[in-house]
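The structure appears below as structure tokens.
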Amino acid sequence: MAAIAAAGRWVLRQHRAIATIGGIAVSAVWLARLAADQWLQAHCEREMARAAKTNLKRRFEENQRDGLLTVCALFPSLAEHVARALNVEAVTEQLQRSRGAAAGPAGDASASPSPSPSPSPLSPPPPPPPLTKSQKLAAWDALKRLSFTRTVASLYLATLLTLFTHLQLCLLARYLYLDSSYALDHELDHAARDDGRGDGSPGSDGSGSPGGGSTPGGGISSDDDAAAKATAHGDGRSHNSAAAAFGLEPTLAAETERQYLTFSWYLLNVTWRRVVDAVGAAVDAAAGPLALKTPLDADAYVALLASIVGRIELDWHAVLLPPEGREHAILRQGGSAGTPVDGTAAPGAHADAADTANADGSATDAALPPSLALLVDETRDVLESDDFALVMNRCLQDVLAQHVTAMAREAWPTDAAAPATDTDVAASAGSAMPAGVPLASLLPIMARTSQQILSPDALNPYVAALTANPSLKAFCAIIHMGWRESDLRPY
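Numbering (the UniProt record's numbering), first residue to last: 1 to 491.
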């Protein structure tokens, strides 16, 4: 008892010190827990940011691959139009038949005469008479014009279609990404409230973590990967289900996506002719005066291409999108009109009639749905920007360099190893060259290489050069991640 009493007296004498030590200990424990919580929260935020960045990068790379496949799938239609309008093979065959017909009588005259059998009804028709000198010159001039026009026009069309397709898919992928982000945030927010953690756990406030709606994509999982791939290919069913699974309306309906992707029909069936005509006029001015026997080395060929390209003047915005007020008419002719509009278009009408049809404005009365109009307006703004013109120019330089390399491999074999990725076309063939090759000998090589430009093969070197262009990648990344405040949904 004495020991207990002595201890009590000691506590009474040291109560201030004991209280101070206890307070310090409690404060230290509280501060340690607070620091641990802060570190854990910061660690979670870093992990979420890293996961979001990785996921966004993965989605962007998938979108780029989808763009490559989509472009290759659209090439056959474009190649068919170009081949029909610029039929180099028909002129070549005509010249070959004429040469064979001219060689035939000479061979017959040198041979000893022999009695010819009487003609039978099954005998093949006689060969066409040989072309006169003026007809041959006209055919060779036509072959020269068609070869240059088809080559340069194919390069332009491949570049335009690739840029426009990537622009479309990046805009759609951005909205899908935002919808998927909000769907997951909505799920986490409800789960946190159901578990009683809605007052302080990460994800239940508006701090930009996966639960908050202020920053899209804080912690997107891989559950919606199928939706991303489906939407990139124009299938909006998974897009709708990603948001509808959590009771949210998707930003873009499947019909809106389908209508928006239909605008590529305008280039594929209407304005490709404008590109061909503009290139043909430039070819007439730059290559028309050249004689067929003119020797050309790679430097001269590059200079000739540069002269043709420098004479081409087109409003690429008007080539890729119809004029304002004509969007519904183009959607109707492309088979994706959606809501009915006043005015009718005859089924199966020729595509070129889209430029002159409904001139009285009967098809311009119908307004686009708000979501589709927003997409079209944003696309129009991008196409009119200086950035698009810069990317267009750099991509065109890359495909021109790829074409020069392909030509050098056959026409100037000693320079077959010329660099193909230099953005400056002249630099790709600027080294020492062998003697010039006559222009007439280059035309068959141009005809063969021009067929490769619009090839649907996924290993198409021209499409590979376009998709690997750093400027195009940066341009697509800006569009893919360039959401605005108006695109974000408040919670």
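Note that the Cβ used here is the ideal one computed from N, Cα and C, for glycine as well.
Query	Result
Exposure of residue 332, with buried meaning 16 or more beta-carbon neighbours within 10 Å	buried
Closest by C-alpha distance to residue 253, when choosing among 136, 442, 286 and 371	371
8 Å contact criterion, which residue 395 and residue 466 should meet: CB distance rounded	5 Å
Sequence-distant residues of the same chain with beta carbon closer than 8 Å to residue 19, five excluded per side	none
The stretch 262-272 in contact with the stretch 130-139 per 3-pair CB rule at 8 Å	no
Rounded straight-line distance, which links the Cα of residue 163 to that of residue 472	8 Å
Residue 48: first and last residue of the uninterrupted alpha helix (DSSP H) it sits in	15-85
Per-residue DSSP class, three states only, for residue 285	helix
Residues that residue 296 bridges to, as DSSP identifies them	437
Residue 161 Cβ short of 7 Å to the ligand ZN heavy atom set	Ligands in the displayed structure: none, and consequently the ligand ZN is not present.
Nearest-angstrom Cα separation, counted from residue 158 out to residue 62	21 Å
Collapsed DSSP secondary structure at residue 454 in the structure displayed	coil
Rounded C-alpha distance that separates residue 267 from residue 478	24 Å
Under the three-state DSSP convention, the category residue 459 falls into	coil
Alpha carbon of residue 362 to alpha carbon of residue 410, nearest angstrom	Its pLDDT being 42, under 50, residue 362 is placed unreliably by the model, and the measurement read from it follows with that caveat. Answer to the nearest angstrom: the Cα atoms are 54 Å apart.
Nearest candidate by alpha-carbon position, reference residue 132, set 171, 94 and 374	94
Touching by the beta-carbon criterion (3+ pairs, under 8 Å), the stretch 174-183 and the stretch 382-392	no
Supposed contact pair residue 70 and residue 165 - C-beta distance, whole angstroms, cut 8 Å	5 Å
Inter-stretch contact (C-beta, 8 Å, three-pair minimum) for the stretch 442-457 and the stretch 30-40	no
Identity of the residue in 56, 88 and 307 nearest residue 180 by Cα	56
Contacts around residue 81, its chain only, beta-carbon distance under 7 Å, and the 5 residues preceding and following it disregarded	272
Own chain residues within Cβ distance below 8 Å of residue 149, not counting five before or after	86, 276, 279, 280 and 283
Collapsed DSSP secondary structure at residue 335 in the structure displayed	coil
Alpha-carbon spacing of residue 31 relative to residue 25, whole angstroms	10 Å
Own chain, CB closer than 7 Å to residue 286, minus 5 neighbours either side, in chain order	304, 307, 308 and 311
Separation of residue 447 from residue 441, as counted between CA atoms	11 Å
Distance, residue 326 Cα to residue 400 Cα	33 Å
Residue environment, residue 406, which counts as buried when at least 16 other CB atoms sit within 10 Å	buried
Candidates 481, 475 and 463: closest to residue 65 by CA position	463
CB contact flag (residue 368, residue 317, <8 Å)	no
Assigned secondary structure, residue 322 (DSSP; H/G/I helix, E/B strand, else coil)	coil
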